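In our numbering, the protein residues as written are 4 to 208. Cβ atoms here follow ideal geometry from the backbone N, Cα and C, with glycine treated the same way. Nothing here was measured: the structure is a model prediction, and the numbers come from that model. Written out below as structure tokens is the structure these notes cover.
Here it is, written out as structure tokens:
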């Protein structure tokens, strides 16, 4: 049998920090819904990536859904998202009774192709938002994508599920726009108990 190459293999610290915090949660009876560990996670994540705020939600899907609501996406709207991504990127668009328009990928970054995005605006000139996903630890080519969205006055949302710690021109992904999502599940770069803690990070007060 060929050796498996894990998408994101589990890693626990040699010091045993994970067991310490799990035991602390049980000892203090902060199992659900929230508690000091979640509060600390929000603060530490925001501080680490350089954002002003982070809010832990139930999933990455919920974070994207909330971002779309904040962007005013409603029934009948169009939302651009990339074709190479997990279904959770597109599902919240449908939850809002909007229509996803899939943008092809750039061969260099595996993420949204800026030229394909520009072409999409010519065919569908009035989308309500663009969801950009940074896949497999690789950053999308943010400068042209942000410029295109600014030129068309369209909200850009970063899905940084798989790029926590990745930098684009010296700055962490997930901090280039007003709203970004950092889902944390078993296959993501950051993991949390149960279904995972998804954070929405905003630069504005």
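query                                                                                                  : result
Residue 83 versus 144, 68, 120 and 53, residue with shortest Cα-Cα distance                            : 120
DSSP three-state assignment for residue 6, whether helix, strand or coil                               : coil
Continuous beta strand (DSSP E) assignments of at least 3 residues falling wholly in the segment 39-81 : 56-60
Endpoints, beta strand (DSSP E) assigned at residue 162                                                : 158-162
Sufficient close CB pairs (3 or more, under 8 Å) joining the segment 18-37 to the segment 94-110       : no
Inter-residue Cα distance where the pair is residue 135 and residue 151                                : 12 Å
Alpha-carbon to alpha-carbon, residue 171 and residue 105                                              : 23 Å
Residue 180 - DSSP class collapsed to helix/strand/coil                                                : coil
Distance between beta carbons of residue 138 and residue 88, contact taken as under 8 Å                : 7 Å
Within the segment 76-132, ranges of the alpha helix (DSSP H) (whole runs, at least 4 residues)        : 90-98 and 117-126
DSSP-derived helix/strand/coil call for residue 20                                                     : helix
Counterpart residues of residue 171 in DSSP-defined beta bridges                                       : 174
Residues near residue 86 by beta carbon distance below 8 Å, same chain, minus five either side         : 105, 106, 107 and 108
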